[in-house]
DNA sequence: CACCTGTATCGATAGACGTCAACATAGACA
DNA sequence: TGTCTATGTTGACGTCTATCGATACAGGTG
């Protein structure tokens, strides 16, 4: 049963239909505009640490209080989380006192596909 | 006796020893600094188009003259190509009149791994 | 109600970035 | 040599961005 196993997150059509792999054909201006937004969001060390902290946290979600120890002030943390949210990489939800952020797996997968390297050397 | 052909340390899974997948554990400040440089390089629409144009070009390399039609001036194209080079995403070589840029597949692969989504849902 | 804690927003500032015109450099060719 | 083309560099300018302190908002507790 070769096809009994479905790749969990990568096959979904829910994946943001951004663009074909970078190596497939030259991106159009619109595609580049859209994809660059996501790369840009991860192009800051603080945001990358925040995102990684959320992504690697148990259950793929984390309270701000769990991840805000990245060496910048609280307003700055909040600012970066907002940017990641605007880029579609994170979603947030308030539960009582705390706010929880979680990763958007489909977007992550879409970015991974963009960087896919063709099998042939 | 010298080897006729030595494979660079850049192939295989050894890739650039940047960082584990974003979802594996929180990145350290140093890892984030390094990885953010690469994402940042792709975080500009013009650079993304240039990179995609090179990556999708025949043989994985392209002359500047082949890809410089992205709607900005020639100095700006040169500036962005330099940035991509500094980020380790492209290499360049002059051959006669023209300068050819080619992608660094190992770096691309490393970025892809960074974004790898765990198989388990 | 008042108070405390966690998080977001505001306003200001310093520095980074994208862009261009002008100029410099490298190679081809006569 | 000189000139032409292709590409890189420089300097300047306007915009974006990361950061902070101060403040506002939300929800829990007493």
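Residue numbers (UniProt numbering), protein chains in the order written: chain A, 1 to 121; chain B, 1 to 121.
Idealized CB from N, CA, C, for every residue including glycine.
Assignment of alpha helix (DSSP H) within the UniProt domain "HTH arsR-type" (27-121) of chain A, counting only whole runs of 4 or more residues, yields 29-41, 45-56, 64-67, 74-86, 105-114 in chain order. By the Cβ-count criterion, residue 82 of chain A is exposed, with fewer than 16 other Cβ atoms from all chains shown falling within 10 Å of its own Cβ. For the 8 Å CB-CB criterion, residue 29 of chain B and residue 71 of chain A form a contact. Rounded to whole angstroms, the separation of the alpha carbons of residue 92 of chain A and residue 98 of chain A is 10 Å. Below the 7 Å Cβ cutoff, chain A contributes 55, 56 as neighbours of residue 23 of chain B, in chain order.
For the segment 104-117 of chain B, the beta-carbon criterion of a distance under 8 Å to any beta-carbon of chain A is satisfied by 105, 108, 109, 111, 112, 115, 116, 117.
Closest by C-alpha distance to residue 59 of chain A, out of A:110, A:117, A:111, A:101, is A:101. In this structure residue 95 of chain B is exposed. Its beta-carbon is surrounded by fewer than 16 other beta-carbon atoms within 10 angstroms. A Cβ-Cβ contact shorter than 8 Å links residue 51 of chain B with residue 84 of chain B. Within chain A, no C-beta atom comes nearer than 7 Å to that of residue 86 of chain B; the closest sits roughly 14 Å away. 32, 33, 35, 36, 39, 40, 42, 43, 44: these are the residues of the segment 30-44 of chain B whose beta carbon lies less than 7 Å from some beta carbon of chain A, given in chain order. By the neighbour-count criterion, in which a residue is buried when 16 or more other Cβ atoms sit within 10 angstroms of its Cβ, residue 65 of chain A is exposed. Pairing residue 33 of chain B with residue 45 of chain A gives a Cβ-Cβ distance under 8 Å.
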